[in-house]
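To start, the structure itself, in structure tokens.
Numbering (full-length UniProt numbering), first residue to last: 1 to 520.
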């Protein structure tokens, strides 16, 4: 959950977003190595920051209890990693233009001390983090009064930033890391649009598993029933007092501009509709692919963790490995984990699995791999429970497919390196992302029960083989390759951000007192 960013008049202060550009949407419409052992019969345990990687099976078929990656050794009372402190360091070229300001997070009942991000918490405790965020309204207001920025950018969680900025005469932009088709599922906020399409009449959870009535064109893009039921509190409410869907609605209503991680070439109809529903400028900022990855273009011979992973990948055949990762927040249930593991086993494909066994140190429900799984797959599998350099792995030519939760950053990274997608959604925007990719025949979703979302090991195995090796999967492989040109075209994508920056410069309402006096 992000708070807000403030932007000064110098457009260089916002250049870090500039990873891609095109003519803005609004303007267009107007015109193994082993630790403590050797590779081979004993298998290994590879260090990967807070967790580790096991490759080549367990040591003689026995799980190492003393170093089990399923045990998070961090105590809840350990010093917390503050959000700003754990951000990656900005490139030297922009570091002098960025100032990170720490505002203490208020303590609230049921929120563990030191938990400041959703990745620190099990899902049922995230609502208390939102309560703490909402109590930042007054500190944030004081900061904005003192700093007098030209613009404020914010995401959906601090929905109150818009009214605060308006009170202070500061223009603000809602910045969505979710694509436009996700935002369209929130009801319209412009009175003119409401008069045309009517108010939101969805009252049952299942209503959200159909396209909203304000979508004027035929589409298969919608949530599935099991996806809605899994995140029911987002639609029905939680202890924070503000439903997630209302946070989005209020954020969209309170802003002057909507900035979206998307591009007109990818989802033009959804961007047009988003602008119609809210009657305010909508600026796609491009797909924002990572353009500089340490180690992707060189061997990075100083990082022993990566070298150990790379050595294993180097031993695999080209385009044969299934990379499995579900992001920083999605955690399968124990039953889901078992079916994924046994599906990987039945697929007979080599795999590199980044396994999240718990959501932060306060999650007491730790999930475990099936008994004997690592021994049976030791000749072709790697399981990591800590940090891994995802971009480096995806860039390796041994990777032939990506089993992912459908988080948009992972999707963009897969397209960058032409890795076909097998989808298994868990929460948030992932369902809509999956439908968009399915509609464009860029990905294949593992078949699931419509009501409870369950799936079988056989469906996992069949889906993996379909996309990675079968002739029928050539469609997905080819379409991903075709889309790469759009997603990584730096010149095209950077035009989007340039247009947003130009708008910021020409629509600054707040003038510092000294500037006003000098202008007289």
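Where is the CB? At the ideal position from N, CA and C, for every residue including glycine.
The structure displayed is predicted, hence computed values, not measured ones.
Next item on the list: Put residue 404 into one of helix, strand or coil per three-state DSSP.
Entry: Here residue 404 refers to the residue found at position 404 when the chain shown is read from its first residue. DSSP places residue 404 within a strand segment (E or B) once states are collapsed to three.
Notebook entry, point to check: So is residue 385 buried or exposed if we call it buried at 16+ other beta carbons inside 10 Å?
Noted result: The residue labelled residue 385 in the question sits at position 385 within the chain shown. With 16 or more neighbouring CB atoms inside 10 Å of its own CB, residue 385 falls in the buried class.
Next item on the list: Ignoring anything shorter than 4 residues or poking outside the region 374-422, list the alpha helix (DSSP H) runs there in chain order.
Entry: Whole alpha helix (DSSP H) segments, 4+ residues: 390-395 and 408-416.
Next item on the list: Using three-state DSSP, classify residue 174 as helix, strand or coil.
Entry: Stepping through the chain shown from its first residue, residue 174 is reached at position 174. Of the three classes helix, strand and coil, the one that applies to residue 174 here is strand, per DSSP.
Checklist line | Unbroken beta strand (DSSP E) run spanning residue 153, endpoints | finding: Here residue 153 refers to the residue found at position 153 when the chain shown is read from its first residue. 151-154 is the extent of the beta strand (DSSP E) around residue 153.
Check: Mapping DSSP to helix, strand and coil, what is residue 523?
Finding: Summary: the structure shown does not reach residue 523, with the chain confined to residues 1 through 520, and so no result is reported for it.
Next item on the list: Below 8 angstroms on the Cβ atoms is my guess for residue 103 versus residue 139; work out the distance and round it to an integer in Å.
Entry: Counting from one through the chain shown, the residue named residue 103 turns up at place 103. Counting from one through the chain shown, the residue named residue 139 turns up at place 139. Confirmed, Cβ separation roughly 5 angstroms.
Note to self: Bridge partners for residue 284 per DSSP, in chain order?
What the structure shows: Residue numbering aside, residue 284 sits at position 284 when the chain shown is read from its first letter. According to DSSP, residue pairing for residue 284 in a beta bridge involves 260.
Next item on the list: Report the three-state DSSP secondary structure of residue 454 (helix, strand or coil).
Entry: Position 454 of the chain shown holds residue 454. The three-state secondary structure of residue 454, taken from DSSP, is coil.
Margin query: Assuming the contact rule is C-beta atoms closer than 8 angstroms, residue 332 and residue 412 should be a hit. Round their C-beta distance to whole Å, please.
Written below: As a first step, residue 332 must be located in the chain shown, where it is residue number 332. As a first step, residue 412 must be located in the chain shown, where it is residue number 412. Not confirmed; about 23 angstroms, so no contact.
Item checked: Backbone CA spacing between residue 111 and residue 128 [nearest angstrom] -> Within the chain shown, the letter at position 111 stands for residue 111. Within the chain shown, the letter at position 128 stands for residue 128. Take the alpha-carbon of residue 111 and the one of residue 128: they are about 6 angstroms apart.
Next item on the list: Could you check the C-alpha separation between residue 340 and residue 445 for me, to the nearest Å?
Entry: Here residue 340 refers to the residue found at position 340 of the chain shown. Here residue 445 refers to the residue found at position 445 of the chain shown. Straight-line Cα distance between these residues: approximately 13 angstroms.
Margin query: Taking 6 angstroms as the limit between beta carbons, can you name the residues of its chain near residue 373, skipping five residues before and five after?
Written below: Counted from its first residue, the chain shown places residue 373 at position 373. Same-chain partners within the cutoff: 341.
Next item on the list: Please name the residue, chosen from 506, 316 and 343, that lies closest to residue 393 on a Cα-to-Cα basis.
Entry: Against the chain shown, residue 393 aligns to sequence position 393. Nearest to residue 393 by C-alpha distance, out of 506, 316 and 343, is 316.
Margin query: Could you tell me which whole alpha helix (DSSP H) segments of length 4 or greater appear in the region 318-372?
Written below: Qualifying alpha helix (DSSP H) stretches, in chain order: 334-347.
Note to self: Bridge partners for residue 123 per DSSP, in chain order?
What the structure shows: As a position in the chain shown, residue 123 is number 123, starting the count at 1. Residue pairing by DSSP places residue 123 opposite no residue, since no beta bridge is assigned to it.
Check: Roughly how many angstroms separate the alpha carbons of residue 507 and residue 275, rounded to a whole number?
Finding: Along the chain shown, one-based indexing puts residue 507 at 507. Along the chain shown, one-based indexing puts residue 275 at 275. Those two C-alpha atoms are separated by around 18 angstroms.
Notebook entry, point to check: In terms of alpha-carbon separation, which member of 408, 259, 416 and 451 lies closest to residue 430?
Noted result: Taking the chain shown and counting its residues from 1, the one referred to as residue 430 is at position 430. Considering only alpha carbons, the answer is 408.
Margin query: So the candidates are 487, 199 and 228; which of them puts its Cα closest to the Cα of residue 207?
Written below: Sequence index remark: in the chain shown, residue 207 carries index 207 (1-based). For residue 207, the nearest C-alpha among the options comes from 228.
Notebook entry, point to check: Helix or strand or just coil, what does DSSP make of residue 482?
Noted result: Translated into the one-based positions of the chain shown, residue 482 becomes position 482. Looking at residue 482 - three-state DSSP - the assignment turns out to be helix.
Notebook entry, point to check: On the three-state DSSP scale, how would you describe residue 251?
Noted result: Mapped onto the chain shown, residue 251 falls at position 251. In this structure, DSSP gives residue 251 a helical state, which the three-state scheme calls helix.
Item checked: Contacting residues, own chain, Cβ-Cβ under 8 angstroms from residue 135 (five flanking each side not counted) -> In the chain shown, the residue the question calls residue 135 occupies position 135. Only 106 and 108 meet the Cβ criterion.
Notebook entry, point to check: Taking Cβ to Cβ, would you say residue 273 is nearer than 9 angstroms to residue 215?
Noted result: Within the chain shown, residue 273 is the residue found at index 273, counting from 1. Within the chain shown, residue 215 is the residue found at index 215, counting from 1. Yes, they are a contact pair.
Note to self: Whether or not the region 441-455 and the region 422-429 are in contact is what I'm after, with contact meaning three or more pairs of Cβ atoms, one per stretch, closer than 8 angstroms; do they touch?
What the structure shows: In this structure the region 422-429 lies against the region 441-455, because at least three pairs of beta carbons, one per stretch, are closer than 8 angstroms.
Notebook entry, point to check: Do you know how far the Cα of residue 82 is from the Cα of residue 347?
Noted result: As a first step, residue 347 must be located in the chain shown, where it is residue number 347. As a first step, residue 82 must be located in the chain shown, where it is residue number 82. Their backbone Cα atoms lie some 41 angstroms apart in a straight line.
Checklist line | Beta-carbon separation (whole angstroms), residue 416 vs residue 325, contact threshold 8 angstroms | finding: The count along the chain shown starts at 1 and reaches residue 416 at position 416. The count along the chain shown starts at 1 and reaches residue 325 at position 325. 15 angstroms between Cβ atoms; not a contact.
Next item on the list: Could you spell out where the alpha helix (DSSP H) holding residue 208 opens and where it closes?
Entry: Your numbering for residue 208 matches position 208 in the chain shown. Note, residue 208: premise wrong, no alpha helix (DSSP H); not H, not E.
Checklist line | Whole-angstrom C-beta distance between residue 192 and residue 200, which should lie under 8 angstroms | finding: Residue 200 sits at position 200 when you count from the first residue of the chain shown. Residue 192 sits at position 192 when you count from the first residue of the chain shown. Between residue 192 and residue 200 the Cβ distance is about 16 angstroms, and since that is not below 8 angstroms, they are no contact.
Notebook entry, point to check: What's the call for residue 474, buried or exposed, on a 16-neighbour Cβ count within 10 Å?
Noted result: If you number the chain shown from 1, residue 474 lands on position 474. Counting Cβ neighbours within 10 Å, residue 474 comes out exposed, since fewer than 16 surround it.
Margin query: For residue 486 and residue 364, I'd like the C-alpha separation in whole angstroms.
Written below: Indexing the chain shown from 1 puts residue 486 at position 486. Indexing the chain shown from 1 puts residue 364 at position 364. Just so you know, the alpha carbons of residue 486 and residue 364 end up roughly 43 angstroms apart.
Next item on the list: Report all residues from its chain with a CB closer than 7 angstroms to the CB of residue 483; omit the five preceding and five following residues, and keep chain order.
Entry: As a position in the chain shown, residue 483 is number 483, starting the count at 1. Excluding its 5 nearest sequence neighbours in each direction, residue 483 has C-beta neighbours in its own chain below 7 angstroms: 415 and 442, listed in chain order.
Next item on the list: Can you grab the Cα-Cα spacing for the pair residue 381 / residue 466, in whole Å?
Entry: As a first step, residue 381 must be located in the chain shown, where it is residue number 381. As a first step, residue 466 must be located in the chain shown, where it is residue number 466. About 19 angstroms.
Next item on the list: Return the first residue and the last residue of the beta strand (DSSP E) that residue 445 is part of.
Entry: Counting from one through the chain shown, the residue named residue 445 turns up at place 445. 443-445 is the extent of the beta strand (DSSP E) around residue 445.
Notebook entry, point to check: Taking residue 169 as the reference, which of 179, 440 and 151 has the closest Cα?
Noted result: For the purposes of this step, residue 169 is identified with residue 169 of the chain shown, where counting begins at 1. Residue 151 is the option with its Cα nearest to residue 169.
Checklist line | Of the listed residues 358, 181 and 93, nearest to residue 337 (C-alpha basis) | finding: Walking along the chain shown from the start, residue 337 turns up at place 337. Out of 358, 181 and 93, the CA that lies nearest to the CA of residue 337 is found in 358.
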